[in-house]
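Residue numbers (our numbering): 183 to 667.
C-beta atoms are modelled at their ideal positions from N, C-alpha and C, and glycine is treated no differently.
Just so we're clear, the structure is a prediction, and the values are computed from it rather than from any experiment.
Beneath this line is the structure, given in structure tokens, with notes to follow.
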């Protein structure tokens with residue numbers, strides 16, 4: 183029997199804020215238990231990129247960022263390159279469950295491998311124009327264009343109502359019912375997945391992307407153990423959750439104050455993973471399922487950037503450990519005990535792990551381990567993000583130009599060589615909480631990083647401007663709320 187495949191992406195969750203990685207707050211009690219008893223924990227996993235679109239492209243294709251080159255909606259993947267497309271061709275039923283527009287809505291090729299797509303669930307009229315998807319193409323603040331698109335659509339009144347509800351969800355959330363808040367909680371998608379899985383008769387492959395820990399942080403009361411009303415008040419009164427700090431309009435302590443809400447959101451997702459795993463076990467499907475729990479990137483709360491003269495607020499352009507060090511927990515088909523792998527690994531190995539599992543390899547902890555160094559990239563701001571940032575900052579130099587890093591294991595320690603512009607830096611990493619500078623601005627670091635990336639060529643797997651040109655009126659304004667444009 184072919185094993186099932188379940189990929190759970192805890193969007194924006196960094197390793198250091200999980201109790202799985204020794205965090206002081208018990209944010210992931212189930213994942214810790216799961217790692218001890220049934221799964222393999224990769225303690226030094228790294229995201230391929232600093233943004234959701236680019237990182238998911240690597241996770242889905244197995245290609246590094248320079249190989250696939252998918253960074254904005256100006257391009258899209260050619261058909262046939264994602265692991266879910268290949269699984270569907272092999273007879274699997276496939277499904278995606280998330281409010282993350284990059285993988286459920288925007289025409290960049292990431293949604294093309296799924297038979298079932300369950301996207302945002304917090305609009306009054308889901309079948310009308312989605313105001314949160316509109317920004318993916320049109321950009322931030324294009325209210326007049328949104329009104330025009332709504333009027334030109336087949337459901338103008340309902341489309342305009344969606345726009346009003348979305349605006350209220352951000353500016354006056356207390357005026358709306360829970361079902362219309364800015365984010366859809368993980369429990370909604372866990373329910374949808376479990377209902378879908380129960381109906382499957384053959385092998386299936388599914389991706390759940392939970393957005394609870396992406397801005398804005400809105401944990402339910404029972405999980406809001408470290409934030410509370412004061413943190414919520416701070417968040418509600420911020421005009422922006424990233425650039426107001428980088429531009430100096432707000433003090434950094436306010437960004438740090440939001441971390442308690444972020445921790446509660448992680449705990450909220452951990453509970454839903456427990457539900458999913460327990461249900462699969464009850465249904466007799468868990469032992470025959472490859473379960474991968476990870477994140478597409480981390481989050482910053484004011485930590486110093488390791489190579490740029492700025493601090494890290496949220497994610498996007500930083501090569502910092504708080505953005506790239508992510509949790510990775512894998513239960514291979516047939517695995518019955520916990521294991522730990524301490525070598526650096528890349529999430530881009532996910533398709534390889536799927537191939538090993540589906541071709542009979544089943545319980546193989548080496549599936550995520552690379553032969554050479556782990557390579558990651560953080561691209562600078564694109565045009566749309568510059569427009570958004572320009573409301574708060576005037577000097578873009580710290581936020582442009584691509585940063586690159588190479589991870590290797592030496593004598594039991596993880597070294598990270600990174601370059602950005604003419605700068606070079608080496609740090610040693612002990613765990614998710616401890617790293618230190620050992621060398622900087624050395625020509626040898628520049629050479630090591632350049633050599634590691636020299637063998638990577640553009641794989642020729644994307645089209646020019648298809649991501650924008652193929653969008654319909656119903657996929658235009660989702661990403662403004664998420665801070666990507």
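Would you call residue 541 buried or exposed, if buried means 16 or more other Cβ atoms sit within 10 Å of its Cβ? exposed
Burial state of residue 398, where buried means 16 or more other Cβ atoms lie within 10 Å: buried
Opening and closing residue of the alpha helix (DSSP H) in which residue 595 lies: Element bounds for residue 595: not the alpha helix (DSSP H) but the beta strand (DSSP E), 595-602.
What would DSSP say about residue 198, mapped onto helix, strand or coil? helix
Count the other CB atoms, across all protein chains shown, that sit within 10 Å of the CB of residue 290; report buried if there are 16 or more and exposed otherwise. buried
What residues in its chain sit with their C-beta under 8 Å from that of residue 491, if we drop five residues either side in the sequence? Taken in chain order, the residues that qualify are 580.
Should the region 259-275 be called in touch with the region 239-246, which here means at least 3 C-beta pairs below 8 Å? yes
What's the call for residue 530, buried or exposed, on a 16-neighbour Cβ count within 10 Å? By the Cβ-count criterion, residue 530 is buried, with 16 or more other Cβ atoms from all chains shown falling within 10 Å of its own Cβ.
Could one say the Cβ of residue 468 lies closer than 8 Å to chain D's Cβ atoms, at least one of them? Among the chains in the structure shown there is no chain D, since it carries only a single protein chain.
Determine whether the beta carbon atoms of residue 188 and residue 631 lie at a separation below 8 Å. no
Which residue from 436, 387, 537, 499 puts its Cα closest to that of residue 467? 387
Confirm the yes/no value for this check: CB of residue 582, any heavy atom of the ligand FAD, distance under 7 Å. Only the bare structure without any ligand can be found here, which leaves the ligand FAD out of the picture.
Quick check: the region 480-500 against the region 586-603, are there 3 or more CB pairs under 8 Å? Taking 8 Å as the limit for Cβ pairs, the verdict is that the region 586-603 does touch the region 480-500.
Measure from the alpha carbon of residue 269 to the alpha carbon of each residue in 287, 255, 534, 409, then state which is nearest. 534
Thinking just about the alpha-carbon of each residue, which of 551, 515, 523 is nearest to the one in residue 532? Looking at the Cα atoms, 551 is the closest of the given residues.
What does the Cβ neighbour count give for residue 183, buried or exposed, with the cut at 16 atoms within 10 Å? exposed
Enclosing beta strand (DSSP E) for residue 330 [first to last residue]: Element bounds for residue 330: not the beta strand (DSSP E) but the alpha helix (DSSP H), 325-334.
Coarse secondary structure for residue 448, derived from DSSP in three states: helix
Residues bridged to residue 299 (per DSSP): 278
Starting from the Cα of residue 298, find the closest Cα among 513, 586, 594, 390 and give me that residue. 390
Could you round the C-beta distance between residue 311 and residue 344 to whole angstroms and report it? I think they count as a contact, below 8 Å. 6 Å
Give me the residue from 483, 593, 458, 553 with the minimum Cα distance to residue 216. 458
Of all the options 465, 481, 584, 469, which has the alpha carbon lying nearest to the alpha carbon of residue 514? 469
Note down the Cα distance separating residue 638 from residue 409, rounded to an integer number of angstroms. 43 Å
Local conformation of residue 417 per DSSP, three classes: helix
Locate the alpha helix (DSSP H) running through residue 534, then write down its first and last residues. 532-540
Residues sharing a beta bridge with residue 513, DSSP: 473
Selection from 594, 642, 583 that minimises the alpha carbon distance to residue 605: 583
Note down, in chain order, each residue of its chain lying with its Cβ closer than 6 Å to the Cβ of residue 479, except the 5 sequence neighbours on either side. Closer than 6 Å at the Cβ level, and outside the excluded window around residue 479, lie 229, 232, 237, 497, 505.
Along the alpha helix (DSSP H) that carries residue 580, what are the first and last residues, could you check? It is not in any alpha helix (DSSP H) - residue 580 carries neither H nor E in the DSSP assignment.
Below 8 Å on the Cβ atoms is my guess for residue 484 versus residue 438; work out the distance and round it to an integer in Å. 5 Å
Proximity winner among 518, 258, 339, 253, relative to residue 562 (alpha-carbon distances): Considering only alpha carbons, the answer is 253.
Those residues which DSSP pairs with residue 496 across a bridge: 482
For the region 384-409, list the beta strand (DSSP E) runs that are entirely contained and at least 3 residues long, ordered along the chain. 386-392
Can you give me the C-alpha to C-alpha distance between residue 557 and residue 338, rounded to a whole angstrom? Roughly 47 Å separates the two Cα atoms.
8 Å contact criterion, which residue 392 and residue 567 should meet: CB distance rounded: Not a contact, Cβ separation roughly 24 Å.
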